[in-house]
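What follows is one structure encoded as structure tokens, with my remarks underneath.
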Amino acid sequence: MWPFKRPSAPTAQIGYAPVPDGRADPGEVCWAWVPFEDDPSRGKDRPVLIVGVEGDLWLALMLTSKDHDREAVEELPNGVAVDHFGHRWLDIGAGAWDREGRPSEVRLDRLLRLSKVRREGAALDEAMFRRVAAAAGISDRR
């Protein structure tokens, strides 16, 4: 486990600490109901990368199998694709969280605070987790 960094609130902690115990831990991809930004009364069940905790909430970044590189208006040197909405995406590859084995991307600019997550998927490897956290601006680069 690498050191936690507090991103905003004094109780928030970001770090890599997956434990294969059936419960969500930072560094694991789980599933959650994610509200749409334009209409929070609606949403979608989707994979999320747990990046930390804040009290009783999980801090997470949402994943998608949609390839945003094709429609990127800007490609940053760290591999981050910026779409026409200004959303930032990073390829994280395929993992056991997707039954079809499709490559995934993580959205870096929307930190979710979730009270419920379920269906533990798989742990992201630590090097990729660090890369995601650094690109999202929620950790120290090492």
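Everything in the sequence shown is counted per the numbering used here, starting at -8 for the first residue and increasing by one.
Each residue gets a CB set at the ideal place from its N, CA and C atoms; glycine is no exception.
Asked                                                                                                           : Found
Contacting residues, own chain, Cβ-Cβ under 8 Å from Val10 (five flanking each side not counted)                : Asp16
Every unbroken beta strand (DSSP E) within the segment 68 to 101, with a cutoff of 3 residues, ordered by chain : 79 to 84, 95 to 98
Contact belief for Trp80 with His59 at Cβ below 8 Å, rounded distance in angstroms                              : 4 Å
C-alpha distance - Ala85 paired with Val123, whole-angstrom precision                                           : 15 Å
For Glu117, the first and last residue of its enclosing alpha helix (DSSP H)                                    : 117 to 127
Pick from Val108, Gly77, Asp74, Asn69 that is closest to Ile83, judged by C-alpha positions                     : Asn69
Distance, Val20 Cα to Lys35 Cα                                                                                  : 16 Å
Gly112 - DSSP class collapsed to helix/strand/coil                                                              : strand
C-alpha gap between Trp(-7) and Arg90, whole angstroms                                                          : Bear in mind that a pLDDT of 39 at Trp(-7), under 50, signals an unreliable position, so the number given afterwards is only what the model happens to contain. Whole-angstrom Cα-Cα distance: 29 Å.
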